[in-house]
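Written below as C-alpha cells is the structure these notes are about.
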Amino acid sequence: MAYLSGKTVLVTGGTGSFGKKFIQTILKQDVKKVIVFSRDELKQYEMAQEFTDSRMRFFIGDVRDKERLYRAFEGVDVVIHAAALKHVGACEYNPFEAIKTNIHGAQNIIEAAIDKGVQRVIALSTDKAASPINLYGATKLASDKLFIAANSYVGEKNTKFSVVRYGNVVGSRGSVVPFFKKIRDTGTLPITDIRMTRFWITLDQGVQFVLDNLERMHGGEIFVPKIPSMKVVDLAKAIAPDCKTEIVGIRPGEKLHETMITEDDARHTLEFDSYYIIQPEFPWWSETYAKGGKTLPENFKYTSDTNKKWLTVEELRALVKGL
Numbered sequence: 208m209a210y211l212s213g214k215t216v217l218v219t220g221g222t223g224s225f226g227k228k229f230i231q232t233i234l235k236q237d238v239k240k241v242i243v244f245s246r247d248e249l250k251q252y253e254m255a256q257e258f259t260d261s262r263m264r265f266f267i268g269d270v271r272d273k274e275r276l277y278r279a280f281e282g283v284d285v286v287i288h289a290a291a292l293k294h295v296g297a298c299e300y301n302p303f304e305a306i307k308t309n310i311h312g313a314q315n316i317i318e319a320a321i322d323k324g325v326q327r328v329i330a331l332s333t334d335k336a337a338s339p340i341n342l343y344g345a346t347k348l349a350s351d352k353l354f355i356a357a358n359s360y361v362g363e364k365n366t367k368f369s370v371v372r373y374g375n376v377v378g379s380r381g382s383v384v385p386f387f388k389k390i391r392d393t394g395t396l397p398i399t400d401i402r403m404t405r406f407w408i409t410l411d412q413g414v415q416f417v418l419d420n421l422e423r424m425h426g427g428e429i430f431v432p433k434i435p436s437m438k439v440v441d442l443a444k445a446i447a448p449d450c451k452t453e454i455v456g457i458r459p460g461e462k463l464h465e466t467m468i469t470e471d472d473a474r475h476t477l478e479f480d481s482y483y484i485i486q487p488e489f490p491w492w493s494e495t496y497a498k499g500g501k502t503l504p505e506n507f508k509y510t511s512d513t514n515k516k517w518l519t520v521e522e523l524r525a526l527v528k529g530l
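Structure representation (C-alpha cells):
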C-alpha cells in the first residue's frame, strides 16, 4: 500500500459497505486525506461519528452532477469509484435512473478526473457486467467500457483508469446473508432455484484486491480475482440448518450462474496465481505491462458453475459466523 503514502484519496459511494471497509483500512496507513463523496447526509453524519480521524472529509454530492465532482476532485490523487445503483430489481423498474447514475455518472467521473489531474482511478464492477441479462449488468458493462476507453483520450495528462470486477460480497448491505439471517426465525428460507451458484468474496478480500491493483495497474486492465463459488442452497444450510426451504423461482433479470470472464474476453486475458487480467485491446498496450501472466486455453470461461474452487457448508458457516 506504499503507493497511497502521502496521497489524497476520494471514494464515491464512500458510506457503503465497501467504502467504509476500504477507508477504515487506508486510514491505518500514511494517507494525506480521505474524502467520502456520497448522496446520503444521514449516512455521512453517522459515518463521521464513527470515523473521527482528522484526515477525513465528507462531500455531499451525486456522480450525476459533474460540477460537484469538479469541486470534489480538486487536489485528489486517487479515486475509487464505488457509487452505483446496484439493486437488480430497482434497476429493472427504474431503468433510466440506473443509466444516469451508472453510465452518465461514470463519464462524469472520467472527465472530472482527467481535467483535475487525478493520477489513478479504479472503478468497481460486478460479475453481472460480463454477458449481462439485466439492466444493472448492462449499465456496469457500459461503465467498464467507458473507464477502459478513457485511457486512450487522456492526451498529455497522466490519469490512468482500471476496473476491478468481482462477485457477491459476504455480508454487504442488501446481500443474501443478512436477508437470510433476518428471516430465519420464520422457519423457511426462500430459494430461487436449487441449481443457482454465485462467486463469493469477503469484504476484506475485496478491499485488499483493490489496493493491490492500485499498485500494479498501468491503465486499461480489468482485474478479476480467483475466488470460490458457492451454491445458494448450501448457504441456506450454513445459516439456518433447521429451516425448511421454499423454491420461489428466478426473479426478473436474475441468472442461474454468474460469469466473470466470457469466452471472447478470455482470448485477451492473462492468468496469474491469484487473479486474471483482461487486457485492453489498445495499439499501445504492451505485454510487459502484465509480465508473468499465462494465456488461457481455447474455449476458457470463468463462471460460477464451472469454477474449480467451491465453498462447503462448513466453510460458509465459518465465513458468515461473525456477520
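Using my numbering, the first residue of the sequence shown is number 208, and each one after it goes up by one.
Every residue gets a Cβ at the ideal spot worked out from N, C-alpha and C, and that includes glycine.
Note that the structure is a prediction, hence the values are computed from the model and not measured.
Worksheet entry | Completely contained beta strand (DSSP E) runs for the segment 360 to 427, where each covers 3 or more residues | Taken in chain order, the complete beta strand (DSSP E) segments of 3 or more residues contained in the segment 360 to 427 are 367 to 371, 395 to 398 and 404 to 408.
Practice prompt. Quick one: grab the DSSP three-state call for histidine 288.
Written response: On the sequence shown, residue 288 is found 81 positions in, with the first residue counted as 1. The three-state reading of DSSP puts histidine 288 in strand, counting E and B together.
Discussion item. Among the candidates His294, Trp491 and Gln251, whose CA atom is the shortest distance from the CA of tyrosine 343?
Written reply: By 1-based counting over the sequence shown, the position of residue 343 is 136. For the residues His294, Trp491 and Gln251, the minimum Cα distance to tyrosine 343 belongs to His294.
Worksheet entry | CB-CB length for histidine 425 against tyrosine 373, believed under 8 Å | Position 218 of the sequence shown, counted from the first residue, corresponds to residue 425. Position 166 of the sequence shown, counted from the first residue, corresponds to residue 373. That belief does not hold up - the Cβ atoms of histidine 425 and tyrosine 373 are roughly 20 Å apart, past 8 Å.
Worksheet item: Whose C-beta lies closer than 6 Å to the C-beta of arginine 246 among residues of the same chain, with five residues either side of it excluded?
Response: For the purposes of this step, residue 246 is identified with residue 39 of the sequence shown, where counting begins at 1. If we look at arginine 246 and ignore the five residues flanking it on each side, its Cβ neighbours are Asp269.
Worksheet item: Which first and last residues belong to the alpha helix (DSSP H) in which proline 302 is found?
Response: In the sequence shown, residue 302 corresponds to position 95, counting from 1. 302 to 306 is the span of the alpha helix (DSSP H), which, as asked, contains proline 302.
Worksheet item: What is the residue span of the beta strand (DSSP E) that lysine 438 lies within?
Response: Stepping through the sequence shown from its first residue, residue 438 is reached at position 231. 436 to 438 is the span of the beta strand (DSSP E), which, as asked, contains lysine 438.
Worksheet entry | Every unbroken beta strand (DSSP E) within the segment 212 to 285, with a cutoff of 3 residues, ordered by chain | 215 to 219, 240 to 245 and 263 to 267
Discussion item. With three or more beta-carbon pairs closer than 8 Å as the criterion, would you say the segment 435 to 451 touches the segment 297 to 313?
Written reply: no
Worksheet item: In three-state DSSP terms, what is phenylalanine 430?
Response: The residue given as residue 430 occupies position 223 in the sequence shown. If DSSP states are grouped into helix, strand and coil, phenylalanine 430 belongs with the strands.
Discussion item. Please classify valine 455 as buried or exposed, where buried requires at least 16 other C-beta atoms within 10 Å of its C-beta.
Written reply: The residue labelled residue 455 in the question sits at position 248 within the sequence shown. Counting Cβ neighbours within 10 Å, valine 455 comes out exposed, since fewer than 16 surround it.
Fill in: Sequence-distant residues of the same chain with beta carbon closer than 6 Å to phenylalanine 479, five excluded per side
To locate residue 479, count along the sequence shown from 1; it is residue 272. If we look at phenylalanine 479 and ignore the five residues flanking it on each side, its Cβ neighbours are Gly500.
Discussion item. In the DSSP output, which residue or residues are listed as bridge partners for arginine 327?
Written reply: Translated into positions along the sequence shown, residue 327 becomes position 120. Val285 and Lys367, per the DSSP bridge assignment.
Practice prompt. Can you tell me the Cβ-Cβ gap for leucine 234 and valine 285, rounded? I've got them flagged as a contact below 8 Å.
Written response: Locating residue 234 in the sequence shown gives position 27, counting from the first residue. Locating residue 285 in the sequence shown gives position 78, counting from the first residue. The Cβ separation is near 14 Å, so there is no contact.
Practice prompt. Check whether the segment 331 to 342 touches the segment 383 to 403, taking contact to mean three or more Cβ pairs, one atom from each stretch, closer than 8 Å.
Written response: no
Worksheet item: For aspartate 392, does the count of other Cβ atoms within 10 angstroms reach 16, so buried, or fall short, so exposed?
Response: Position 185 of the sequence shown, counted from the first residue, corresponds to residue 392. When all chains shown are included, aspartate 392 counts as exposed.
Practice prompt. Just mark glutamine 256 as buried or exposed, buried being the case when its beta carbon has 16 or more other beta carbons within 10 Å.
Written response: The sequence position of residue 256 within the sequence shown is 49, counting from 1. With fewer than 16 Cβ atoms within 10 Å of its Cβ, glutamine 256 is classed as exposed.
Worksheet item: Shortest alpha-carbon distance to phenylalanine 489 belongs to which of Phe303, Gly394 and Ile355?
Response: Within the sequence shown, the letter at position 282 stands for residue 489. Minimum Cα-Cα distance from phenylalanine 489 among the listed residues Phe303, Gly394 and Ile355 corresponds to Ile355.
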